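**Student:** Line by line, the protein sequences give chains A and B.
With this note's numbering applied, the first sequence corresponds to residues 74 to 575, in that order.
With this note's numbering applied, the second sequence corresponds to residues 30 to 352, in that order.
For each residue, glycine too, the CB sits at the ideal point set by N, CA and C.
In this text the structure is predicted, and so the values were computed from the model without any measurement.
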Amino acid sequence: MKPILEMKHVTKRFPGVLALDNVSFSLKQGEFLGICGENGAGKSTLMKILSGSYPYGSYEGELHIDGKPVKMDSISTAQALGIEMAYQELNVMLDATVAENLMVGNLPGGKYIVDFKKLYNMTREFLDKVSVDLDPAQILRSVTNSGQIQLISILRAIIKKPRILVLDEPTTALTGNEVKQVFAILEQLRKEGVSILYISHKLDEVFELCDSVLVLRDGKSVAFHLINEVSQNQLIEEMVGRNLENQYRHKNVSTDEVVLSVKKLHIPNPNISTKNIIDELSFEVHRGEVFGLGGLVGAGRSEVLGAIFGQLTNGVKKIIEIEGQEIQITKPADAVAAGLAFLTEERRSSGLVINMNIRENISLASLKKLKGYPAINERKETKETGRFYEKLRIKAPSQETRVGNLSGGNQQKVVLAKWLMTECKVLFLDEPTKGIDVGAKREFYDIIDELTQKGMAVVLVSSDMPEFISLCDRCIVLADGKAQAELAGDEITQVNIIKEVV
Amino acid sequence: MKLKNKTMQKLLNKEESPALIMVLLIMILVTAVNSTFVRPDNLLDILRTTSYNLLIAAPLTCLMVCGEMDLCFGSVVSLAGITCGWLLQMEVPIPFAILGALACGFAIGMLKAVLLCNVGLPGFITTLGIQYALSGLILLLTGGQCINYFPESFKALGQRGPLPKLYWTIIVALVITIVFHFILSKTRLGRSFYAIGGNRETAKLAGINIGKVSMISHVMVSVCAALVGVFKAARFNSAQPNAGSGTELLLMCGVIIGGTGIAGGKGTVIGTLLGCFLMAEIDNGLILTRVSSYWNNLIFGVILILALALDLYRQKKIASAKE
Ligand SMILES: Nc1ncnc2c1ncn2[C@@H]1O[C@H](COP(=O)(O)OP(=O)(O)OP(=O)(O)O)[C@@H](O)[C@H]1O
Ligand SMILES: [Mg+2]
Numbered sequence: 074m075k076p077i078l079e080m081k082h083v084t085k086r087f088p089g090v091l092a093l094d095n096v097s098f099s100l101k102q103g104e105f106l107g108i109c110g111e112n113g114a115g116k117s118t119l120m121k122i123l124s125g126s127y128p129y130g131s132y133e134g135e136l137h138i139d140g141k142p143v144k145m146d147s148i149s150t151a152q153a154l155g156i157e158m159a160y161q162e163l164n165v166m167l168d169a170t171v172a173e174n175l176m177v178g179n180l181p182g183g184k185y186i187v188d189f190k191k192l193y194n195m196t197r198e199f200l201d202k203v204s205v206d207l208d209p210a211q212i213l214r215s216v217t218n219s220g221q222i223q224l225i226s227i228l229r230a231i232i233k234k235p236r237i238l239v240l241d242e243p244t245t246a247l248t249g250n251e252v253k254q255v256f257a258i259l260e261q262l263r264k265e266g267v268s269i270l271y272i273s274h275k276l277d278e279v280f281e282l283c284d285s286v287l288v289l290r291d292g293k294s295v296a297f298h299l300i301n302e303v304s305q306n307q308l309i310e311e312m313v314g315r316n317l318e319n320q321y322r323h324k325n326v327s328t329d330e331v332v333l334s335v336k337k338l339h340i341p342n343p344n345i346s347t348k349n350i351i352d353e354l355s356f357e358v359h360r361g362e363v364f365g366l367g368g369l370v371g372a373g374r375s376e377v378l379g380a381i382f383g384q385l386t387n388g389v390k391k392i393i394e395i396e397g398q399e400i401q402i403t404k405p406a407d408a409v410a411a412g413l414a415f416l417t418e419e420r421r422s423s424g425l426v427i428n429m430n431i432r433e434n435i436s437l438a439s440l441k442k443l444k445g446y447p448a449i450n451e452r453k454e455t456k457e458t459g460r461f462y463e464k465l466r467i468k469a470p471s472q473e474t475r476v477g478n479l480s481g482g483n484q485q486k487v488v489l490a491k492w493l494m495t496e497c498k499v500l501f502l503d504e505p506t507k508g509i510d511v512g513a514k515r516e517f518y519d520i521i522d523e524l525t526q527k528g529m530a531v532v533l534v535s536s537d538m539p540e541f542i543s544l545c546d547r548c549i550v551l552a553d554g555k556a557q558a559e560l561a562g563d564e565i566t567q568v569n570i571i572k573e574v575v
Numbered sequence: 030m031k032l033k034n035k036t037m038q039k040l041l042n043k044e045e046s047p048a049l050i051m052v053l054l055i056m057i058l059v060t061a062v063n064s065t066f067v068r069p070d071n072l073l074d075i076l077r078t079t080s081y082n083l084l085i086a087a088p089l090t091c092l093m094v095c096g097e098m099d100l101c102f103g104s105v106v107s108l109a110g111i112t113c114g115w116l117l118q119m120e121v122p123i124p125f126a127i128l129g130a131l132a133c134g135f136a137i138g139m140l141k142a143v144l145l146c147n148v149g150l151p152g153f154i155t156t157l158g159i160q161y162a163l164s165g166l167i168l169l170l171t172g173g174q175c176i177n178y179f180p181e182s183f184k185a186l187g188q189r190g191p192l193p194k195l196y197w198t199i200i201v202a203l204v205i206t207i208v209f210h211f212i213l214s215k216t217r218l219g220r221s222f223y224a225i226g227g228n229r230e231t232a233k234l235a236g237i238n239i240g241k242v243s244m245i246s247h248v249m250v251s252v253c254a255a256l257v258g259v260f261k262a263a264r265f266n267s268a269q270p271n272a273g274s275g276t277e278l279l280l281m282c283g284v285i286i287g288g289t290g291i292a293g294g295k296g297t298v299i300g301t302l303l304g305c306f307l308m309a310e311i312d313n314g315l316i317l318t319r320v321s322s323y324w325n326n327l328i329f330g331v332i333l334i335l336a337l338a339l340d341l342y343r344q345k346k347i348a349s350a351k352e
């Protein structure tokens, strides 16, 4: 069969970075091709060239569709050729409805007026077809659930009926069931002959979904395999260019000493006054412990962290004790002063300062430690941030690179590094390894071990089940605003957690 | 070739470069017509004009980097000058008269900061409101009259210096510029300005006390504006009710020409220094080339737009630069 897409000898440069170096591959009709590689390997860049985000002329190399060369000079050219992409960085319109978000670009109606009735009907029809339970007329801002927002950005690409669908890390905010739901939709597309390019750091997904896989490393394509001719370990080795020692095992070093105690936490639902997100929740976290908040997306896990930290304040009631002493936390600065730190789920909106460089971002929460008088001790700063920069293998020309120029996963590493550097008493982590490659994940786990041994406690929220299970010493499972169960050690298994939430 | 590319790249990466290019360009153009332009005494004249603007523009840069807005420092200049004048007329010793003026600036700065940062009123309209209120207050208090004739040693502040033509104003302005450059680029406070202007939520979660930091930026601007009020009174031997009026937008333009963004998160004091120098250079150049001063606003407006266009070009160039 003739390939429907060929990319030939593609080379793309950014100042000081060779992002893609002579990459070629081809894609057949109905083929699902996985694209794997470390953070900064060039996956997103390659796909943005295909989708017209980096227009013809800003790179070298050729693109062939159905055997014919094309000049992809804008996103609309690509769309006209049947190419749609769901981007790694979610960009939805929060103040528009679900339907408008899905149909943006081809809203029904006349030239100036939108036919909303038709819009809602069309959208409902589509949502029914893919069996997704969303209200077309709902404003996106009131969908508090980040998983659903990610789902919408995937559906937005699918609704246009593309021939080639590009998904750049589509499942970072999704949990088990939602992933299954997305996969069911994709399998349907496979039957319709749609080809998919699928980028993910979750190799299980790649093995489940894809027919073949392309491995990128440092901008070069280093391998191509049919999926049944390769093992996960071989793939990892090709991606990272070194051998990762076997299975990670977290050492439980938790003590009896309570460092954080949360009592009667109450978070009202801003949309429905009769229903609370969290009802009278109490728990304790011990020194050196990794404590997990389990549950489905939407169970209020992130809200619990935000409410304790003083980020979320509307109607929140709580009693917080740190090392046995009750403290008032009304704003994040209070929490930081009391020894807490909070890595949020959204790196763009609340994790990074895009215009600052890597060094300044990493040190932002530790500036007190770096106080020379009166200036910041820059030598010490560079040294301390450099430790994490190297340990987490942040890929950039230097620490002075603006974080806006980093790949998604490398941006996440910067946020991680920022919080790991604070050496706080209790570290809140909300989806800490979102979009991070396998190698860097391992380094991150090592750092967590190092810090818990020094006595730091961690409160973890993670949709990455294997990660959650291997890291947590103890966890509670949230559902319906309450802790349904407390699990410890070997009791923390996927089966036990799921059992509690359904 | 390689080296040239490297320096080009460096120049492109600096947000001050559009202002620098324009400062040099105008210097060359004016000198070609009238070579007195580059004589030291003329350059010192330009610096003198620059220094009045710079004294406010330097802290204003910090404030704008922090993403804040201030449209009332002009009336602080006038009010502080008047306050100082009164105190001198009551024969208060000069240092205390100056302190009184600065205290007046401090008080207005605090008021503004509380309204904006604690009460949470929007900066643009609120500071504009304060500006109207203060200029009205000044007219009520003075009846529109100037306060004239100050002691010799006070006048010396604005009219003399350690060397002829090297006025005290210039020296103070340069010192203050260096101080603010240091604050913005080297200290924790400076980092906080960039962080808040760059991403408020991130800064908040990092434990930065946003209210306090923005407050500091407001107070800094108002106190420096008060200092300018004192210097102006000394220079003209007269405290005038309209000494600072109309300078707000002008100075903001100077800061923006120097590469500071209106949305916050980016900018440098060095850029502002160049921006303010550029404005004074244009004034002076027009006189030396005997162009009618009616041209002044036209040229200034064109330069402002040109600076922004250059900056846009620079950013595009960075984004699409090959190797
Ligand atoms: N706008 C940009 N300016 C400069 N460098 C860039 C820019 N965008 C990407 N890069 C660089 O290009 C390289 C490839 O980035 P890309 O986003 O394609 O990586 P990726 O494989 O998608 O990684 P991730 O898994 O982290 O998403 C990285 O080294 C990155 O720093
Ligand atoms: Mg990417």
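Compute the distance between the beta-carbons of methionine 120 (chain A) and phenylalanine 98 (chain A), then report whether it is under 7 Å.
**Tutor:** no
**Student:** Could you tell me which of A:Val288, A:Leu493 and A:Asn194 sits nearest to leucine 175 (chain A), measuring between CA atoms?
**Tutor:** A check of alpha carbon separations from leucine 175 (chain A) across A:Val288, A:Leu493 and A:Asn194 identifies A:Asn194 as the nearest.
**Student:** Of all the options A:Ala408, A:Gly371 and A:Glu399, which has the alpha carbon lying nearest to the alpha carbon of phenylalanine 382 (chain A)?
**Tutor:** For phenylalanine 382 (chain A), the nearest C-alpha among the options comes from A:Ala408.
**Student:** Asparagine 428 (chain A) touches chain B at which residues, Cβ-Cβ below 7 Å?
**Tutor:** Gly227, Gly294 and Lys295
**Student:** Rounded to whole angstroms, what is the Cα-Cα separation between alanine 224 (chain B) and cysteine 95 (chain B)?
**Tutor:** 8 Å
**Student:** Is there a C-beta anywhere in chain A that falls below 7 Å from the one on alanine 224 (chain B)?
**Tutor:** yes
**Student:** Among B:Gly227, B:Phe329, B:Ala254 and B:Arg217, whose alpha-carbon lies nearest the alpha-carbon of lysine 442 (chain A)?
**Tutor:** B:Arg217
**Student:** Determine the burial state of isoleucine 154 (chain B): buried for a count of at least 16 other Cβ atoms within 10 Å of its Cβ, exposed for fewer.
**Tutor:** exposed
**Student:** Okay, do the stretch 415 to 431 of chain A and the stretch 361 to 373 of chain A touch, 3+ Cβ pairs below 8 Å being the bar?
**Tutor:** no
**Student:** Can the beta-carbon of glutamate 97 (chain B) be found closer than 7 Å to that of glycine 138 (chain B)?
**Tutor:** no
**Student:** Where do the ends of the beta strand (DSSP E) carrying tyrosine 271 (chain A) lie?
**Tutor:** 268 to 272
**Student:** Just to make sure I have the definition right: I need the residues of chain D whose C-beta is within less than 9 Å of the C-beta of lysine 345 (chain B). Which are they?
**Tutor:** Within the model displayed, chain D is absent; protein chains A and B are what it includes.
**Student:** Compare the C-beta of alanine 350 (chain B) with all C-beta atoms of chain A and state if any pair is closer than 7 Å.
**Tutor:** Only weak support is given to the placement of alanine 350 (chain B): the predicted model assigns it a pLDDT of 48, under 50, and the question is left unresolved by the model.
**Student:** What does the Cβ neighbour count give for proline 505 (chain A), buried or exposed, with the cut at 16 atoms within 10 Å?
**Tutor:** buried
**Student:** Check whether the Cβ of serine 423 (chain A) lies closer than 7 Å to any Cβ atom in chain B.
**Tutor:** yes
**Student:** For aspartate 241 (chain A), list the residues DSSP reports as bridge partners.
**Tutor:** A:Ile272
**Student:** Contact defined as beta carbons within less than 8 Å: I believe glycine 482 (chain A) pairs with glycine 459 (chain A). What is the distance between those atoms, to the nearest angstrom?
**Tutor:** That belief does not hold up - the Cβ atoms of glycine 482 (chain A) and glycine 459 (chain A) are roughly 19 Å apart, past 8 Å.
**Student:** At 9 Å on the CB atoms, spell out the chain B contacts of alanine 410 (chain A), in chain order.
**Tutor:** Gly236
**Student:** Can you give me, in chain order, the residues of the stretch 65 to 89 of chain B that have a beta carbon less than 8 Å from any beta carbon in chain A?
**Tutor:** Result list empty, no residue passes.
**Student:** Just verifying my parser: in three-state terms, what is the DSSP assignment at serine 204 (chain A)?
**Tutor:** coil
**Student:** In chain A, which residues lie less than 8 Å from threonine 112 (chain B) when you measure between Cβ atoms?
**Tutor:** Result: empty, since nearest Cβ-Cβ is about 31 Å, beyond 8 Å.
**Student:** Do we get a CB-CB distance below 7 Å when we pair valine 83 (chain A) with the residues of chain B?
**Tutor:** no
**Student:** Does the distance from the CB of serine 43 (chain A) to the CB of histidine 359 (chain A) come in under 7 Å?
**Tutor:** Residue 43 (chain A) falls outside the range modelled here, since chain A spans only 74 to 575, and no answer is possible.
**Student:** Just list the residues that DSSP pairs asparagine 349 (chain A) with in beta bridges.
**Tutor:** A:Pro341
**Student:** Is the Cβ-Cβ distance between alanine 438 (chain A) and alanine 336 (chain B) less than 7 Å?
**Tutor:** no
**Student:** Which residue from B:Ser321, B:Lys345 and B:Thr289 puts its Cα closest to that of leucine 333 (chain B)?
**Tutor:** Ranking B:Ser321, B:Lys345 and B:Thr289 by Cα distance to leucine 333 (chain B) puts B:Thr289 first.
**Student:** Which residues does DSSP pair with threonine 359 (chain A) in a beta bridge?
**Tutor:** Correcting the residue type first, residue 359 (chain A) is histidine in the shown sequence and not threonine. DSSP lists A:Val331 as partners of histidine 359 (chain A).
**Student:** Reducing DSSP to helix, strand and coil, say where glycine 96 (chain B) ends up.
**Tutor:** coil
**Student:** Got a sec: is the Cβ-Cβ distance from isoleucine 222 (chain A) to anything in chain B below 7 Å?
**Tutor:** False, the Cβ-Cβ gap to chain B never drops below 7 Å.
**Student:** Are any of the Cβ atoms in chain B nearer than 7 Å to that of alanine 296 (chain A)?
**Tutor:** no
**Student:** Check each candidate in A:Ala410, A:Leu276, A:Asp546 and A:Thr403 and name the one with the smallest Cα separation from cysteine 109 (chain A).
**Tutor:** A:Leu276
**Student:** Looking only at C-alpha atoms, which of A:Val335, A:Val286 and A:Lys348 sits nearest to aspartate 553 (chain A)?
**Tutor:** A:Lys348
**Student:** Any chance the stretch 250 to 267 of chain B sits against the stretch 96 to 112 of chain B, with 3 or more Cβ pairs inside 8 Å?
**Tutor:** yes
**Student:** Can serine 480 (chain A) be considered in contact with ligand 2, in the sense that its beta carbon sits closer than 6 Å to one or more heavy atoms?
**Tutor:** yes
**Student:** Any idea if histidine 82 (chain A) is buried or exposed, counting beta-carbon neighbours within 10 angstroms, 16 or more meaning buried?
**Tutor:** exposed
**Student:** Short of 8 Å in beta carbon distance, which residues of its chain neighbour isoleucine 277 (chain B), apart from the five on each side in sequence? Order them along the chain.
**Tutor:** As written in the sequence, residue 277 (chain B) is glutamate, which differs from the isoleucine given in the question. Close CB contacts of glutamate 277 (chain B) within its chain, under the 8 Å cut and outside five residues either way in sequence, are with Asp99, Leu100, Cys101, Phe102, Gly103 and Gln160 (chain order).
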